[in-house]
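Q: Dropping a structure here in structure tokens format, bear with me for questions.
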Amino acid sequence: MKIDRLIGILSILLQQEKVTAPYLAEKFEVSRRTIIRDVEALCKAGIPIVTAQGREGGISIMDGYRVDRTLLTSR
Numbered sequence: 001m002k003i004d005r006l007i008g009i010l011s012i013l014l015q016q017e018k019v020t021a022p023y024l025a026e027k028f029e030v031s032r033r034t035i036i037r038d039v040e041a042l043c044k045a046g047i048p049i050v051t052a053q054g055r056e057g058g059i060s061i062m063d064g065y066r067v068d069r070t071l072l073t074s075r
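Residue numbers (full-length UniProt numbering): 1 to 75.
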């Protein structure tokens, strides 16, 4: 389910300094393109994700970002 994958991606990004789209694609058993769309969705939701291409590139969350815990509670 997409929401589970989005939360999973966010969780990984909060725990690791930087990951690659191929790593996430393998972990969640989806295509690299799906991961890119998921990262775009997280950005639109207000998560400050930083991406960089090249040898030292990857996907990360802006330094100092913390999740607002009210976003993760049921209403």
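Positions of the beta carbon are idealized from the N, C-alpha and C atoms, including for glycine.
1. So residue 100 packs on Ala21, CB below 8 angstroms; how close in whole Å?
2. Please report the residue range of the beta strand (DSSP E) in which Ser11 lies.
3. Within its chain, find whatever has a CB closer than 8 angstroms to the CB of Ile12; leave out the 5 residues flanking it on each side and keep chain order.
4. Taking C-alpha atoms, which residue in Gly57, Arg55, Ile47, Gly54 lies nearest to Arg66?
5. Under the rule that 16 or more other beta-carbon atoms within 10 Å means buried, what is Ile9, buried or exposed?
6. With Asp50 as the anchor, note down where its beta strand (DSSP E) starts and where it stops.
7. Leaving aside the five residues before and after Cys43 along the sequence, list all residues of the same chain whose C-beta is less than 7 angstroms from its C-beta, in chain order.
8. Taking all protein chains shown into account, do 16 or more other C-beta atoms lie within 10 angstroms of the C-beta of Ile3, making it buried, or fewer, making it exposed?
A: To lay it out plainly:
1. Nothing in the structure corresponds to residue 100, since the chain is present only between 1 and 75.
2. No beta strand (DSSP E) holds Ser11; the alpha helix (DSSP H) holding it covers 2-15.
3. Taken in chain order, the residues that qualify are Val19, Leu24, Lys27.
4. Ranking Gly57, Arg55, Ile47, Gly54 by Cα distance to Arg66 puts Ile47 first.
5. It counts as buried.
6. In the sequence as displayed, the identity of residue 50 is Val instead of Asp. Looking at the DSSP string, the run of the beta strand (DSSP E) that includes Val50 is 49-52.
7. Around Cys43: Ile49.
8. Counting Cβ neighbours within 10 Å, Ile3 comes out exposed, since fewer than 16 surround it.
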